[in-house]
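Novice: My structure is below; once you've seen it, I'll send some questions.
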Amino acid sequence: MKQISEQGTLYVVATPIGNRDDITLRALEILKSVDLVACEDTRHTGQLLAHYEIKKPLVSYFQHSKLSKIDFIINELKSGKNIALVTDAGTPAISDPGQVLICKIREMTNERVVIPAEAGIQASPNIKEWIPASAGMTVSTSWIPDLKLTVRDDSVGGIQIVPIPGPSAVTAIASVSGMIEKEFYFAGFLPKKKGRQTCFKKLSLLDCPIVIYESSNRLERTLEDIKTYFGADTEVFIGREMTKMFEEYWGGGVDGVIQSLGEHQVKGEIVLVVKKISKSHSSLSLRAHPSESKT
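Take the sequence shown: its position 109, counted from the start at 1, is 109 in the UniProt record's numbering, and no numbers get skipped.
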């Protein structure tokens, strides 16, 4: 019987969201051990690896990558290579193009796969006899009669996807906001134009805090939309440039936060927590203007 070739592992590696010292020891070990690193920006990831004296081949993989990039990475995994998937900051596949690659691999492995067609099918668990199989045929087993298995000539069932947990802007903001007691909804990046109104209408119906990613140049517009769709009694908490040199946090009623933006220019990456709450139960005051909360 032909032996099934070993296939590689895709490690989904979290990297720092700002401060390079936040990387985990396990992440460093994985980055040192893999054959290839798939990343959004080879220059950005190259700087991180150089900081830790790690030299690995890099392949760029971003939102508008061609399908050939996905095929290349999958073929490398199928050939037995281990690959680390990283994003520019934080955990890959969370509002991140890495999700496309992972979904593609999951789709390919979702079928019940016996083994590659050339290997054959075991007649029963107690009999060491293999029945020749051909690609596409469907078989059942004598010991599990209702189980139907599909034979494929190009199995990717051996590709493992392993998370290497670490930094995430979602959990970072949730841990310091003081607004999340139990559940929350992660909305990620909101639509810029098409579907934006529908998105806000749906979010306004939720009965839990919402975490949103936003850029500084769209922050005021988003806060105005929050006020419109959620109500003037809505509270927000903002994290800017988290873990970086000029990180800052402030929050309060959406009206007050909007007013503070009119007096201070805000730059950098933004994460918001949004919570509908009545004025009589308000727990957040406007803690600080952006320029007053430097750390």
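Just so you know, even glycine gets a beta-carbon here, dropped at the ideal spot from N, CA and C.
All figures in this text were calculated on a predicted structure; none of them were measured in a lab.
Does CYS208 pass the burial test, meaning 16 or more other C-beta atoms within 10 Å, or should it be called exposed?
Specialist: CYS208 should be labelled exposed.
Novice: When burial is assigned at 16 or more other CB atoms within 10 Å of the CB, is CYS39 buried or exposed?
Specialist: CYS39 comes out buried.
Novice: Going straight from the alpha carbon of PHE72 to that of GLU29, what length do you get?
Specialist: Spanning the two alpha carbons is a distance of roughly 24 Å.
Novice: Roughly how many whole angstroms lie between the Cα atoms of SER260 and THR9?
Specialist: Approximately 48 Å, taken between the alpha carbons.
Novice: Can you tell me whether residue 323 is buried or exposed? The criterion is at least 16 other CB atoms within 10 Å of its CB, across all chains shown.
Specialist: With the chain running from 1 to 295 in the structure shown, residue 323 is simply not present.
Novice: Would you be able to state if there are at least three C-beta pairs under 8 Å between the stretch 248–268 and the stretch 196–204?
Specialist: Touching, no, given that fewer than three Cβ pairs across the two stretches are closer than 8 Å.
Novice: May I have a chain-ordered list of the alpha helix (DSSP H) segments no shorter than 4 residues that lie completely inside the stretch 196–233?
Specialist: For the stretch 196–233, whole alpha helix (DSSP H) runs of length 4 or above, ordered along the chain, are 196–204, 219–230.
Novice: Who are the Cβ neighbours of ILE161 in its own chain at under 7 Å, not counting the five residues just before and after it?
Specialist: So the qualifying residues of the chain are LEU10, VAL12, ILE102, ILE105.
Novice: Over what stretch of residues does the beta strand (DSSP E) that includes ILE164 continue unbroken?
Specialist: ILE164 -> beta strand (DSSP E) spans 160–164.
Novice: I'd like to know whether the C-beta atoms of VAL37 and ILE70 end up nearer to each other than 8 Å.
Specialist: Contact: no.
Novice: When we look at the beta-carbon of SER140 and count the other beta-carbons within 10 Å, is it buried (16 or more) or exposed?
Specialist: With a pLDDT of 49 at SER140, under the threshold of 50, the modelled position of this residue cannot be trusted, and the question is left open.
Novice: Cβ of LYS174 within 8 Å of Cβ of ILE17?
Specialist: The amino acid occupying residue 174 in the given sequence is Ala; Lys does not appear at that position. For ALA174 and ILE17, no; Cβs fall outside 8 Å.
Novice: Pop quiz: ASP21 and LYS81 are said to be a contact at Cβ under 8 Å. What is the actual Cβ separation, rounded to whole angstroms?
Specialist: Not really, about 29 Å apart at Cβ, beyond 8 Å.
Novice: Rounded to whole angstroms, what's the CA-CA distance from SER204 to ILE277? Just pull it up for me.
Specialist: Roughly 12 Å separates the two Cα atoms.
Novice: Mapping DSSP to helix, strand and coil, what is LEU190?
Specialist: Coil.
Novice: Quick one: residues in its chain with C-beta nearer than 6 Å to the C-beta of PHE230, no 5 flanking neighbours on either side, listed in chain order?
Specialist: Once the five neighbours on either side are set aside, the close Cβ partners of PHE230 are SER204, LYS276.
Novice: THR234 to LEU219, Cα distance in whole Å?
Specialist: Those two C-alpha atoms are separated by around 15 Å.
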